[in-house]
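Okay, so here's the structure we're looking at.
Residue numbers (the numbering used here): 1258 to 1612.
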């Protein structure tokens, strides 16, 4: 029901002309604007997204778009095409980025940029954020004790609490070693068989062979995403943060045989990046770094804190159209403001006075 309502609202925005009007307004503003979309997984539904984006935006590789954004001389080359520039990025390097996104990018001739985690490509293991769900799904025991607390796995509420605990421990680990040591311990405690099922393949990391195949095409470019995807602000040792960022660039450049100039912060909210995350990106001498903070980009923005708009290939292209135009953010922000005012009489009175 909720999904249908959101789709209906997005359809109103599109077919009423509001989405188109938002794009015209951005062009009239004069200052160059860049939309960077942030995907992760890639399903067959991505074709509808790419067809829409190819028609309404000038889709570029991330490096090309950022060179154009920050270099006035480069911008003059594309004055004949007045469509807004847009970049499709995918984080982490899942196998379905190869099997689906690469296939579609080649078929439709739409450039994409993928941020890779070399450590996971090397070991082929399940990404850590999938571990809590999978660990409990494959557990061979009925209870487990963690931090002197017993969790009964046949109790739904206690399973959920345990899942949240595991996620918190791996997410907030102060080092990669701490994270991997805890995961090894919890696997043993749950008596989990060390297997990865065939059904998990789309969510596993792609291989170097697949990366190199994509790199040889004209439609895929790559950026770095750390060596092992720790949350940089939580790392206790700044030297480890620096290593994770710098080494990821070094390994990718060695494997690909050409410079890698872009970087994506893992879980890139500002409080998860921290000062040491930004410092590490500077030390690695990347040209640009992207966050997961919502927004559009201009030439006046910090090239190490570029904004992106979250997208999901499973959502309808009408919702994507509303998001990419900025109309969706305006609408949801307005709804949140109105709901907050209804809960707070003082804010409601001030809102009425402003109106």
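Ideal Cβ positions, reconstructed from N, Cα and C, are used throughout, including at glycine.
From the DSSP output, in three-state form, read off residue 1449 for me. Numbered from its first residue, the chain shown carries residue 1449 at position 192. Coil, per DSSP.
Cα separation between residue 1523 and residue 1514? Mapped onto the chain shown, residue 1523 falls at position 266. Mapped onto the chain shown, residue 1514 falls at position 257. Using only the alpha carbons, I get a separation of about 24 Å.
Sequence-distant residues of its chain with Cβ nearer than 7 Å to residue 1303 (five each side left out): For the purposes of this step, residue 1303 is identified with residue 46 of the chain shown, where counting begins at 1. Closer than 7 Å at Cβ, skipping near neighbours: 1357, 1358, 1361 and 1570.
On the three-pair Cβ rule with 8 Å, is the stretch 1388-1402 touching the stretch 1539-1550? no
Local Cβ density within 10 Å of residue 1501, reported as buried at 16 or more and exposed below that: Position 244 of the chain shown, counted from the first residue, corresponds to residue 1501. The residue is buried, with at least 16 neighbouring Cβ atoms inside 10 Å.
Which residues mark the beginning and the end of the beta strand (DSSP E) in which residue 1615 is found? Because the chain here runs from 1258 to 1612, residue 1615 falls outside it and cannot be looked at.
Bridge partner(s) assigned by DSSP for residue 1576: Within the chain shown, the letter at position 319 stands for residue 1576. In the DSSP output, where bridge partners are listed per residue, residue 1576 has none listed.
When burial is assigned at 16 or more other CB atoms within 10 Å of the CB, is residue 1486 buried or exposed? Numbered from its first residue, the chain shown carries residue 1486 at position 229. Its Cβ being crowded by 16 or more others within 10 Å, residue 1486 is buried.
With the cut-off set at 8 Å, would you say residue 1400 and residue 1409 are in Cβ contact? Counting from one through the chain shown, the residue named residue 1400 turns up at place 143. Counting from one through the chain shown, the residue named residue 1409 turns up at place 152. Yes, the Cβ-Cβ distance between residue 1400 and residue 1409 is below 8 Å.
Is the distance from the Cβ of residue 1370 to the Cβ of residue 1313 below 8 Å? Residue numbering aside, residue 1370 sits at position 113 when the chain shown is read from its first letter. Residue numbering aside, residue 1313 sits at position 56 when the chain shown is read from its first letter. The answer is no: Cβ separation not under 8 Å.
How long is the line joining the alpha carbons of residue 1366 and residue 1416, rounded to whole angstroms? For this step, residue 1366 is matched to residue 109 along the chain shown. For this step, residue 1416 is matched to residue 159 along the chain shown. Those two C-alpha atoms are separated by around 45 Å.
Buried versus exposed, by CB contacts within 10 Å (16 or more), residue 1494: Here residue 1494 refers to the residue found at position 237 of the chain shown. Burial call: exposed.
Does the separation of the CB atoms of residue 1440 and residue 1388 fall below 8 Å? Here the question's residue 1440 lines up with position 183 in the chain shown. Here the question's residue 1388 lines up with position 131 in the chain shown. Result yes, Cβ atoms of residue 1440 and residue 1388 sit closer than 8 Å.
DSSP three-state assignment for residue 1357, whether helix, strand or coil: The count along the chain shown starts at 1 and reaches residue 1357 at position 100. Looking at residue 1357 - three-state DSSP - the assignment turns out to be helix.
What three-state label does DSSP hand residue 1567 in the structure shown? As a first step, residue 1567 must be located in the chain shown, where it is residue number 310. Residue 1567: strand per DSSP, three-state reduction.
Is the Cβ-Cβ distance between residue 1530 and residue 1551 less than 8 Å? Mapped onto the chain shown, residue 1530 falls at position 273. Mapped onto the chain shown, residue 1551 falls at position 294. Result no, Cβ atoms of residue 1530 and residue 1551 do not sit closer than 8 Å.
Does DSSP classify residue 1462 as helix, strand or coil? The residue you call residue 1462 lines up with position 205 of the chain shown. Residue 1462: strand per DSSP, three-state reduction.
Is residue 1347 helix, strand or coil when you go by DSSP? Here the question's residue 1347 lines up with position 90 in the chain shown. Strand at residue 1347.
Between 1590, 1344, 1586 and 1582, which lies nearest to residue 1274 when the distance is taken from Cα to Cα? The count along the chain shown starts at 1 and reaches residue 1274 at position 17. Measuring from the Cα of residue 1274, the nearest candidate turns out to be 1582.
To which residues of the same chain is residue 1315 closer than 8 Å at the C-beta, ignoring the five residues directly before and after it? Against the chain shown, residue 1315 aligns to sequence position 58. So the qualifying residues of the chain are 1335, 1338, 1340, 1341, 1342 and 1343.
Neighbour-count burial assignment, residue 1421, 16 or more Cβ in a 10 Å radius: Here residue 1421 corresponds to residue number 164 of the chain shown, with the count starting at 1. Result: exposed.
Measuring straight from C-alpha to C-alpha, what distance separates residue 1492 and residue 1452? Against the chain shown, residue 1492 aligns to sequence position 235. Against the chain shown, residue 1452 aligns to sequence position 195. Whole-angstrom Cα-Cα distance: 29 Å.
Give the straight-line distance between the Cα atoms of residue 1464 and residue 1381, rounded to the nearest whole angstrom. What you label residue 1464 is simply residue 207 of the chain shown in a count that begins at 1. What you label residue 1381 is simply residue 124 of the chain shown in a count that begins at 1. Taking the straight line joining both Cα atoms gives about 7 Å.
Let me know if residue 1348 comes out buried or exposed under the rule of 16 or more other beta-carbons within 10 Å of its beta-carbon. Taking the chain shown and counting its residues from 1, the one referred to as residue 1348 is at position 91. That one is buried.
Check for me: the beta strand (DSSP E) holding residue 1373 runs from which residue to which? Taking the first residue of the chain shown as position 1, residue 1373 is located at position 116. First-last of the beta strand (DSSP E) with residue 1373: 1369-1373.
Using the C-alpha atoms, what's the distance from residue 1576 back to residue 1598? As a working note, residue 1598 is residue 341 in the chain shown. As a working note, residue 1576 is residue 319 in the chain shown. Taking the straight line joining both Cα atoms gives about 26 Å.
Let me know the secondary structure DSSP gives residue 1285 once reduced to three states. Counting from 1 along the chain shown, the entry for residue 1285 is found at position 28. In this structure, residue 1285 counts as helix in the three-state DSSP scheme.
For residue 1546, write down the residues that DSSP places opposite it in a beta bridge. The sequence position of residue 1546 within the chain shown is 289, counting from 1. Residue 1546 is bridged to 1520.
Grab the span of the beta strand (DSSP E) containing residue 1259 for me, first residue to last. Working through the chain shown from its first residue, we reach residue 1259 at position 2. Counting along the chain, residue 1259 falls outside any beta strand (DSSP E), though it belongs to the alpha helix (DSSP H) covering 1259-1272.
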